[in-house]
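*Asks:* Numbering (my numbering), first residue to last: 13 to 384.
All residues carry an ideal CB built from backbone N, CA and C; glycine is no exception.
#1: Return the chain-ordered list of same chain residues with a C-beta closer than 8 Å to the C-beta of residue 360, the five sequence neighbours on each side being excluded.
#2: Starting from residue 163 and walking both ways along the beta strand (DSSP E), at which residues does that stretch end?
#3: Considering only heavy atoms of the ligand FAD, does any lie closer than 8 Å to the CB of residue 245?
#4: Could you pull out every residue in the same chain whose Cβ sits closer than 7 Å to the Cβ of residue 204, ignoring the five residues on either side in sequence?
#5: Would you report the Cα separation of residue 129 and residue 378, rounded to the nearest angstrom?
#6: Measure the beta-carbon distance from residue 61 to residue 208 and round it to whole angstroms, keeping in mind my assumption that it falls under 8 Å.
#7: Helix or strand or just coil, what does DSSP make of residue 253?
#8: Just to confirm the assignment, what range does the alpha helix (DSSP H) spanning residue 349 have?
#9: Would you identify the three-state DSSP class for residue 73, choosing helix, strand or coil?
#10: Going along the chain, which residues of its own chain have a beta-carbon closer than 7 Å to the beta-carbon of residue 357, five neighbours each way excluded?
#11: Just list the alpha helix (DSSP H) runs in the segment 71–153, keeping only unbroken ones of 4 residues or longer that don't cross its boundaries, in chain order.
#12: If distances are taken between C-alpha atoms only, which option among 176, 18, 221, 114 comes closest to residue 288?
#13: Just the C-alpha distance for residue 290 and residue 157, rounded to the nearest angstrom, thanks.
#14: Is it a yes or a no for the segment 90–106 touching the segment 268–280, going by three-plus beta-carbon pairs under 8 Å?
#15: Can you grab the Cα-Cα spacing for the pair residue 183 / residue 161, in whole Å?
#16: So residue 18 and residue 366 are in contact, right, with Cβ under 8 Å, and what is the actual spacing, rounded?
#17: Could you give the first and the last residue of the continuous beta strand (DSSP E) run that contains residue 301?
#18: Rounded to whole angstroms, what's the CA-CA distance from residue 339 to residue 376? Just pull it up for me.
#19: Give the DSSP-derived three-state secondary structure of residue 327 in the structure shown.
#20: Of the residues 108, 55, 139, 152, which one's Cα is nearest the Cα of residue 131?
#21: Roughly how many whole angstroms lie between the Cα atoms of residue 281 and residue 383?
#22: For residue 126, count neighbouring C-beta atoms within 10 Å of its own C-beta (all shown protein chains included) and say buried if the count is 16 or more, exposed if not.
#23: Considering only the beta carbon of each residue, do residue 59 and residue 212 sit closer than 9 Å?
#24: Let's see if you can read the secondary structure: which residues bound the alpha helix (DSSP H) around residue 382?
#25: Can you list, in chain order, the residues of its chain whose CB lies under 8 Å from that of residue 159, leaving out five sequence neighbours each side?
#26: Tell me which residue opens and which closes the alpha helix (DSSP H) that residue 26 is part of.
#27: Fully enclosed by the segment 186–241, which beta strand (DSSP E) runs are 3 residues long or longer?
#28: How is residue 271 classed by DSSP in three states: helix, strand or coil?
#29: Do residue 270 and residue 363 come within 9 Å of each other at the CB atom, strictly closer than that value?
#30: For the beta strand (DSSP E) that residue 16 lies in, which residues bound it at each end?
#31: Do residue 38 and residue 225 have their beta-carbon atoms positioned less than 9 Å apart in this structure?
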């Protein structure tokens, strides 16, 4: 069996976890939390980090931090994890769905302006599968309409974006007003479960810190200033995250090598398409994605059964949020043909830290045999 993802623990993970246990500091009050926040923020290129219990919690805290609330609208892609919509709903806002583009499955920035109205408060830029959103367009809309930008970098830790306006490369997560990241087990840096809010604003950071901690008053114990949540990260999780972060350069190198190996091995399979990387994006290759040509007589579900029979781990693409029955009362009915096509024909392949060129060749040989 080649799993779709395996984390790699080959640094100080055991040392730091033992330190937590030996000291008794296992809760969110332990010293590793601040260390992890500070060093991860530095890695991204922002001033502040607020560690939380999940990527979903990070999105919710980020929205609260910038003042999104009841009556507001947030423009988000349909082709993304449902957490993006849930976070909006939890703070009282309405998620407004936009289709993806057909090149890299990120939000179609050319459709966003048609969704902007007096209720629009923010745009959520979800950098899909390691490839950045075209942020220059979002910055243009931000300045034109006075909007805020939230980046979701769960799948793009270490990815970069070149801004023509600024004439420089930016790390994803450092471009918008706030960013949210997930440290789930399949992410480049993992804490098992966990997330973080990132920002250059001290005001947004303090609001996020308050919200993750039940909005406790800073002066009077058990007085609460608002309806917050308990989204704190434990010292144990932060210890694991810090050890992972110390290895992030090597992790990103491994991801690049996996991506290059897949690109080489799959080049001659004419029934497949791949993410079309733009010159303004440096992908972190979180997962290597394939898309079956829609002219074929089979789809991702058919190929999935075949890969499972051959013990090759994989995952389907997102089912668009516009197709989720549980969101019907929260979103407008929209058509998103590119998101639909990606779901019907897309999969991502084993891309974990334990992959190497020999395993990539095994996966690709099995793919070649599907139509032979």
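*Replies:* In short, the structure shows the following:
#1: Here the question's residue 360 lines up with position 348 in the chain shown. Closer than 8 Å at Cβ, skipping near neighbours: 16, 141, 299, 300, 301, 302, 326, 327, 329.
#2: Within the chain shown, residue 163 is the residue found at index 151, counting from 1. Start and end: 160–164.
#3: Only the bare structure without any ligand can be found here, which leaves the ligand FAD out of the picture.
#4: Translated into the one-based positions of the chain shown, residue 204 becomes position 192. Closer than 7 Å at the Cβ level, and outside the excluded window around residue 204, lie 197, 249, 252.
#5: Residue numbering aside, residue 129 sits at position 117 when the chain shown is read from its first letter. Residue numbering aside, residue 378 sits at position 366 when the chain shown is read from its first letter. So the alpha carbons of these two residues sit roughly 49 Å apart.
#6: By one-based count along the chain shown, residue 61 stands at place 49. By one-based count along the chain shown, residue 208 stands at place 196. So it is a contact: roughly 5 Å between Cβ atoms.
#7: Sequence index remark: in the chain shown, residue 253 carries index 241 (1-based). Residue state, collapsed to three classes: helix.
#8: Here residue 349 refers to the residue found at position 337 when the chain shown is read from its first residue. Run containing residue 349: 349–357, per the alpha helix (DSSP H) assignment.
#9: Here residue 73 refers to the residue found at position 61 of the chain shown. Three-state result, residue 73: helix.
#10: Walking along the chain shown from the start, residue 357 turns up at place 345. Only 303, 304, 306, 311, 312 meet the Cβ criterion.
#11: 95–102, 121–124
#12: As a working note, residue 288 is residue 276 in the chain shown. When only C-alpha atoms are compared, the closest one is 114.
#13: As a position in the chain shown, residue 290 is number 278, starting the count at 1. As a position in the chain shown, residue 157 is number 145, starting the count at 1. Each residue's Cα considered, the two are about 27 Å apart.
#14: no
#15: Taking the chain shown and counting its residues from 1, the one referred to as residue 183 is at position 171. Taking the chain shown and counting its residues from 1, the one referred to as residue 161 is at position 149. When rounded, the distance between both Cα atoms is 15 Å.
#16: In the chain shown, the residue the question calls residue 18 occupies position 6. In the chain shown, the residue the question calls residue 366 occupies position 354. Contact flag correct, Cβ pair sits at about 4 Å.
#17: One-based indexing of the chain shown puts residue 301 at position 289. Residue 301 -> beta strand (DSSP E) spans 300–304.
#18: Position 327 of the chain shown, counted from the start, is the residue given in the question as residue 339. Position 364 of the chain shown, counted from the start, is the residue given in the question as residue 376. Here the alpha carbons of residue 376 and residue 339 stand approximately 37 Å from one another.
#19: Residue mapping note: residue 327 aligns to position 315 of the chain shown, counting from 1. Correct three-state label for residue 327: strand.
#20: Start at 1 with the first residue of the chain shown, and residue 131 comes out as number 119. Nearest option by C-alpha distance: 108.
#21: As a position in the chain shown, residue 281 is number 269, starting the count at 1. As a position in the chain shown, residue 383 is number 371, starting the count at 1. When rounded, the distance between both Cα atoms is 10 Å.
#22: For the purposes of this step, residue 126 is taken as the residue at position 114 of the chain shown. Counting Cβ neighbours within 10 Å, residue 126 comes out exposed, since fewer than 16 surround it.
#23: The residue you call residue 59 lines up with position 47 of the chain shown. The residue you call residue 212 lines up with position 200 of the chain shown. A contact, by the Cβ cut-off of 9 Å.
#24: Counting from 1 along the chain shown, the entry for residue 382 is found at position 370. From DSSP, residue 382 is part of no alpha helix (DSSP H); its letter is neither H nor E.
#25: What you label residue 159 is simply residue 147 of the chain shown in a count that begins at 1. Around residue 159: 128, 132, 133, 134, 135, 153.
#26: Counting from 1 along the chain shown, the entry for residue 26 is found at position 14. Start and end: 25–35.
#27: As for any beta strand (DSSP E) of minimum length 3 sitting wholly inside the segment 186–241, the runs are 190–194, 207–211, ordered along the chain.
#28: By 1-based counting over the chain shown, the position of residue 271 is 259. In the structure shown, residue 271 sits in a helix (DSSP, three-state: H, G or I).
#29: Here residue 363 refers to the residue found at position 351 when the chain shown is read from its first residue. Here residue 270 refers to the residue found at position 258 when the chain shown is read from its first residue. Yes, the Cβ-Cβ distance between residue 363 and residue 270 is below 9 Å.
#30: Here residue 16 refers to the residue found at position 4 of the chain shown. Taken as a continuous stretch (DSSP letters only), residue 16 belongs to no beta strand (DSSP E), as it is neither H nor E.
#31: Taking the first residue of the chain shown as 1, we reach residue 225 at position 213. Taking the first residue of the chain shown as 1, we reach residue 38 at position 26. The Cβ atoms of residue 225 and residue 38 do not sit closer than 9 Å to each other.
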